[in-house]
Every structure is written in structure tokens, then in C-alpha cells.
Amino acid sequence: MSPRVDFEWREGEQIFPVPPDPPPAPPTAPQTAAPPDTHPAFPGNLTLLIIGLVLGVGVGFLLLGAQGQGNARRDLTPLFELQQRALAQGDAELFARLLDDSDAAWRDQHVAALAPLAQLYDLDAPPRVRRVHLEGQQAEVEIAYRYQGQRYRQLQWTRQTANGWQLSGASLGDWGEIEHFSGEAVQLHVRSRDAFLAADLARIDAVVAEFCRRYAPPPPCRIDLHILPDPDLLPFRPGQGAAPNPPFTRYRIMGQGSDAGDTPYVTLNGTGNETHDPLFQQNLLLTLAEVNDIHRVYAAHAATPEAQRISAQRLQGESIPVFLPSPRLVGLHGQTPHPLWQLALVEAIGDAILRRSVGPITAEEEAALTLWAAARGDVALWAERFSGVRLPALAAISPDPAAAGKALLFHDPEQRAAARSFALFLHAAFGEEQTLALLRQARQQMSTPALFAPLASEPQQLATAWAAWLAQHPPPPPPATN
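Just so we're on the same page, this note's numbering is the position in the sequence shown counted from 1, plus 129.
So this is what it looks like as C-alpha cells:
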């Protein structure tokens, strides 16, 4: 096992506390002559010598700890300064050079998340390395940074490589055992280091109750919330919704009427077993009399077996699992998590409850993806209302709801603002109740006209009307990069 050294940085009088001046000694009375001391002086001197040695060793360790901590801070500071420069400039090439390349998939995921990650920081205020916990060639580093003028603390993991210190996906530090806390509608699972989050259980319960009321999933509407220091839950992308992403299966329908070539149907939010679903068979295989062949083009995009299991549990299980990284890996102000982490918590809960409510949707691709934009946009709107946190847009909004839905299906939060705007348009044009009716009946419909009957419109008409609405209600532009 690698040697483990813990340093805690202290400054000034914290290292060497200055004792108060002793009070003046009272005057001594005249002494009479005493007989000579016949006891040897050696035992008393030995005691003083031992005390001096102990104090010397203690001071030595303090000096060594301070020196080692200072060296580690000095060595690691350039890494985080370069990280902030890459985020501020949107420099993916520089950012990639700062990431440990021993795990190419992990590195590529972080490079792809460059723009969402930049939203966490005030990029004109340099970060500061506060504390370093070394474990051999790896380190858990606590940095201080600013967001909206407030100072936050964040843990990041690093590894010393042939290229110097690099950001790493290896989890370090003592996080303690997993503790479990139960609320009215939430089962919370955290490590001991994050047990302070249990104090917020009542507020999380209230959020779950609001989303359960709004989306009315099959009972029980209960969230199984896991907040863990898991590298697989990184990078943190504000606005991505619940993870993992819902399976997306595309089918090619052959021999449908005069259009004998290719009709793209998809199943969203499925479990990978749609062909065994009676409703799928009724709506797709049995009602299209002229279908003579169906081919699955691909199933469950980017979904591992574990991701499929979690998706199936969301749709069929008795609880709704939600996973989020520890707020220490995002930012804490005292014991208050970063506002964007708080928004992500609420949005992930709403997204997971909505998926459970809607269930698998099978429809023509443009119709299904347009529906997904409406669903994710509605969740984003209500997450911002419940959390009190607004997420700025990452890109200009283009009125293409199917494109926004597809991007969000694959966890690209760049199109979240577009989906949010689309949901606002639907609320304004048709009312919130009709928008909810669209979402709640989606599983029962397959044809595009039937799917969008609550709005008396179709995807292309909606896109055109949304563009006209956007011209009259332009959103604020995305923030400029530094």
C-alpha cells in the first residue's frame, strides 16, 4: 500500500500560538541557609530533556508538514490555473492535455463537457489550492474558487504522470461508510463524509411530492437517491437531467404501403424488450397491416447492461433510482452545495419521475424526439422554479424541437435552453394542462396525429409556430466567454 501523508495547511500564529506574557513573580522572602541538597540532580534534568525532545519533535513535524503542504500546493497550483484558462477560453486541446490519458474514455467525456463545466466558476477569479492529501503518486486536492462572488471549496483528484500532475478519475480520500436516511418519499444513500445532506431531507421530500403530483407516475412515487463520490458520475454537467440516459431504439419498417423503403420509428425510454411489449405489438406490429418486415437498427444507444438495468428499474420497479456526484466534487460554500448542484438534484428527480410516468414511447422519429424536447423542457422549467436557480443558455436557440430532443436524449445539455424555451412556448400557446396531457397519453399512441392530438398540431407546425413565438419573445443571449 502506498505511504499516506496527510497535511493540513495553517498560517501565521495558527502554527506557533504565542502564549501570553507570564505575570511578574512575587518578591521572595529572605531565606535562611539550608543544608546542602544531597539528592542527585540527574532525574530532574532527564525529565526536562525528555520534554524538550518531545517538543522538538512536535515542532519538527509541524515544520515538515507545513513545508510538505507548501511544496504540494506550489506544484499543483499551475495545473488548476491552466484548467481555468482552458475553461475560460473553451480550449479543448489544452484541457485534454491536463487530463490523465490512461483512461481515454474518461478523458474524452470530460473534454466533451468543457462548456457545461465552465458554468461552475467565475472564470475571472483565479483558483487557489487550499489543501493536498497525498497517497503515493496520487492526490486529493481541495481548491477554492468563486461563483457569483461567493467562495466555494471543491475536491478534485490528480495523478503524477510522466507529464507531471494531471487531473485523474481515481477516487481518493476517506469518505466513510454508506449511510441511509429515510424521508416520506426519499431514501437517501450517502457516505459519512456527506451525511450533512440528511439535514435537507425534508426539502427533497417536498420536491419529490411536487413532481409526483405534476407527472402522476404509477405508484409508488418514491425516489431512491444515491449521492456518492463516484468517478463514473463525473463530469458534472448542469442541466443534463437524470443519469443514465434513457435507451433509444431505432426500427426500420419495411413494406409500408407505397413507401416501401424506410420508415424510421423509434422507441424512447424503453427497456430494450419492446417487441415483447403487448402495447408495442398492438400499436406497431398489428395495426400496420402492410408491414412485412421490421429490423432493429440499433438498441439502447450508449447504454451499458447496468444502465439498462437502472432504466428498467425506473420504468418497472417499485422505486425510482437517481444518482448524483457528491457536492464536494462540485462545490460547497460552508455546508451549502453549489447552486447548480442544487438545480441538478431537483432536475434529476423531476426527469426520473417523468420517465416513470411516460414509460416507453414508440412513434415516428421526429414526433418522438419533439415529444422528448417538450418533456425535458417542462422538467427544466419546474426544476428552476422549485430550486430558485436559473441555468444560463450554452448556445443560441434554434427552433428545431426534434434536434433539441435528440441532443438531450444523448445527454448534451447544450440544447437544454432550447427545450426549456419550447416548453414555455407550449405553455403559452396551449396551456400547461394540454402540455401535460400530451406527455401523459404518449405511451398509448403511435401515429403522429394521434400523439399530438392534445395540441391539435404536428411537429412541423409546432416548429414553425415556435419560431414565430421566439421572434416575439427572444431569450437572453448566452454569456460571452472570457
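C-beta: ideal position from N, C-alpha, C; glycine also.
These figures come from a predicted structure and were not determined experimentally.
Could you check if residue i is buried or exposed, using at least 16 other CB atoms within 10 Å of its CB as the buried criterion?
i	result
residue 224	buried
residue 285	buried
residue 583	buried
residue 412	buried
residue 478	buried
residue 507	buried
residue 389	The pLDDT assigned to residue 389 is 46, lower than 50, so where the model puts this residue is not dependable, and the model offers no usable value.
residue 539	exposed
residue 517	exposed
residue 595	buried
residue 368	buried
residue 268	buried
residue 514	exposed
residue 231	exposed
residue 422	exposed
residue 356	buried
residue 534	buried
residue 567	buried
residue 552	buried
residue 191	At residue 191, the pLDDT of 41 sits below 50, so the modelled position is not reliable; the number obtained from the coordinates is stated separately. With fewer than 16 other Cβ atoms within 10 Å, it is exposed.
What three-state label does DSSP hand residue i in the structure shown?
i	result
residue 206	helix
residue 307	strand
residue 336	helix
residue 508	helix
residue 422	strand
residue 240	helix
residue 250	coil
residue 562	helix
residue 491	strand
residue 365	coil
residue 406	coil
residue 439	helix
residue 316	strand
residue 268	strand
residue 465	strand
residue 188	Reliability of the predicted coordinates at residue 188 is poor, the pLDDT of 45 falling under 50, and the value obtained from them is presented with this limitation in mind. In the structure shown, residue 188 sits in a helix (DSSP, three-state: H, G or I).
residue 200	helix
residue 568	helix
residue 374	coil
residue 329	helix
residue 583	helix
residue 550	helix
residue 516	helix
residue 574	coil
residue 521	coil
residue 345	coil
residue 530	helix
residue 605	coil
residue 299	coil
So the beta strand (DSSP E) residue i belongs to, where does it begin and stop?
i	result
residue 288	279-290
residue 262	257-264
residue 452	449-454
Can you tell me where the alpha helix (DSSP H) with residue i in it begins and where it stops?
i	result
residue 480	468-487
residue 580	577-580
residue 591	588-601
residue 224	221-226
So if DSSP puts residue i in a beta bridge, which residue, or which two residues, is it bridged to?
i	result
residue 294	289
residue 539	Partner(s): none; residue 539 has no beta bridge.
residue 273	257 and 282
residue 355	318 and 452
If you pair each beta-carbon of the region 310-318 with each one of the region 272-280, do three or more pairs fall below 8 Å? Remark: fewer than three beta-carbon pairs, one from each stretch, lie closer than 8 Å, so the region 310-318 and the region 272-280 are not flagged as touching.
Please confirm if the region 456-468 is in contact with the region 480-497, defined as three or more CB-CB distances below 8 Å between the two stretches. no
Does the region 514-529 come within contact of the region 538-545, defined as at least 3 CB pairs closer than 8 Å? yes
Per the contact definition of three or more C-beta pairs closer than 8 Å, is the region 195-215 in contact with the region 287-300? yes
Using a Cβ distance threshold of 8 Å, determine whether the region 489-507 contacts the region 574-583, with at least three qualifying pairs required. Of all C-beta pairs linking the region 489-507 to the region 574-583, three or more are shorter than 8 Å, placing the two stretches in contact.
Are three or more beta carbon pairs between the region 391-406 and the region 372-381 nearer than 8 Å? yes
At least 3 beta-carbon pairs within less than 8 Å: the region 314-334 vs the region 494-505: no
Hey, is the region 347-359 in contact with the region 443-452, meaning 3+ C-beta pairs nearer than 8 Å? yes
Spell out a yes or no on whether the region 230-237 and the region 254-266 are touching, meaning 3 or more CB-CB pairs, one atom from each, closer than 8 Å. no
Are the region 552-565 and the region 584-603 in contact at 8 Å, needing three or more beta carbon pairs? yes
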